[in-house]
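All remarks here apply to the structure that follows.
Residue numbers (the numbering used here): 61 to 258.
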């Protein structure tokens with residue numbers, strides 16, 4: 061079931077982005093378009109992300125073109141966070157404690173990491189290398205910035221992210237907002253690891 065707080069949060073973030081005037085925004089995605097994207101790529105947008113895209117579709121450099129983008133490019137964008145974790149496994153010796161003992165051979169470690177990563181929450185691109193966790197009836201997750209083994213929180217929710225990334229007013233009040241879990245399972249652990257390593 062869709063969470064009305066999440067819908068309001070996403071719509072508010074979209075209106076803020078439009079007011080800032082730094083991004084071309086086209087008509088929002090229809091329910092049919094959103095459902096088609098979710099079916100095609102096998103995930104469900106979080107409620108705030110879905111509402112954000114329904115109010116207006118940001119376009120131009122850095123924004124995923126959910127309406128006219130090439131499927132291969134969108135799939136690559138969706139796969140990038142997992143590929144960045146694999147990069148961290150290979151290049152930075154990342155290994156999640158919940159995965160058991162790390163295999164000695166790198167190829168086995170990569171295969172094991174891929175098997176475990178198949179069950180983590182999908183991250184969905186918001187802008188460039190900024191992502192939100194997928195999941196119907198979820199909202200208010202931090203926007204995560206992921207590059208290789210480097211992951212940081214880039215706003216504690218979609219509104220905060222738009223303010224930070226696109227120069228909006230820095231209204232840090234929580235009035236009228238409900239803040240959900242800090243972040244999605246696994247990605248919170250990767251964020252903690254990256255902060256320790258960085």
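We put the beta carbon where it would ideally sit given N, CA and C, even for glycine.
1) Closer than 6 Å by C-beta to residue 71: which residues in its own chain qualify, once you throw out the five before and the five after it? Chain order, please.
2) Going by alpha carbons, who is nearest to residue 77 out of 140, 220 and 250?
3) Helix, strand or coil for residue 117, going by three-state DSSP, please let me know.
4) Among residues of its own chain, excluding the 5 on either side of residue 246, which ones have a beta-carbon nearer than 6 Å to its beta-carbon?
5) Near residue 89, which residues of its chain fall below 7 Å by C-beta distance, leaving aside the five closest residues on each side in sequence?
6) Using 8 Å as the Cβ pair cut-off and three pairs as the minimum, do the stretch 139–152 and the stretch 207–215 touch?
7) Per DSSP, what are the beta-bridge partners of residue 190 in this structure?
8) What are the residues that DSSP puts in a beta bridge with residue 84?
9) Buried or exposed, going by whether 16 or more other CB atoms sit within 10 Å of the CB of residue 252?
10) How many angstroms separate the CA atom of residue 97 from the CA atom of residue 62?
11) Tell me which residue opens and which closes the beta strand (DSSP E) that residue 136 is part of.
12) Cα separation between residue 158 and residue 166?
13) Going straight from the alpha carbon of residue 170 to that of residue 203, what length do you get?
14) On the three-state DSSP scale, how would you describe residue 168?
15) Between 185, 121, 197 and 109, which lies nearest to residue 74 when the distance is taken from Cα to Cα?
In this structure, then:
1) Translated into the one-based positions of the chain shown, residue 71 becomes position 11. The residues are 111 and 115.
2) By 1-based counting over the chain shown, the position of residue 77 is 17. Per the Cα distances, 220.
3) If you number the chain shown from 1, residue 117 lands on position 57. Reduced to three states, the DSSP call for residue 117 is strand.
4) Here residue 246 refers to the residue found at position 186 of the chain shown. Taking residue 246 as the centre and dropping the five residues before and after it, the same chain places the C-beta of 180 closer than 6 Å to its C-beta, in chain order.
5) Along the chain shown, read from residue 1 onward, the residue named residue 89 stands at position 29. Contacts found: 113, 114, 117, 126 and 127.
6) With a cut-off of 8 Å, the stretch 207–215 and the stretch 139–152 count as touching, because enough Cβ pairs lie within range.
7) Residue numbering aside, residue 190 sits at position 130 when the chain shown is read from its first letter. Residue pairing by DSSP places residue 190 opposite 187 and 205 in a beta bridge.
8) Reading the chain shown from its first residue, position 24 is the one you call residue 84. According to DSSP, residue 84 bridges with 119.
9) By 1-based counting over the chain shown, the position of residue 252 is 192. Exposed.
10) Along the chain shown, one-based indexing puts residue 97 at 37. Along the chain shown, one-based indexing puts residue 62 at 2. CA-CA distance, residue 97 to residue 62, rounds to 17 Å.
11) Counting from one through the chain shown, the residue named residue 136 turns up at place 76. Here residue 136 belongs to no beta strand (DSSP E); instead the alpha helix (DSSP H) covers 131–151.
12) Start at 1 with the first residue of the chain shown, and residue 158 comes out as number 98. Start at 1 with the first residue of the chain shown, and residue 166 comes out as number 106. Their Cα atoms are separated by approximately 18 Å.
13) Position 110 of the chain shown, counted from the start, is the residue given in the question as residue 170. Position 143 of the chain shown, counted from the start, is the residue given in the question as residue 203. Take the alpha-carbon of residue 170 and the one of residue 203: they are about 26 Å apart.
14) In the chain shown, residue 168 corresponds to position 108, counting from 1. The DSSP-derived three-state label of residue 168 is helix.
15) Locating residue 74 in the chain shown gives position 14, where the first residue counts as 1. Shortest Cα-Cα distance from residue 74 to any of 185, 121, 197 and 109 involves 109.
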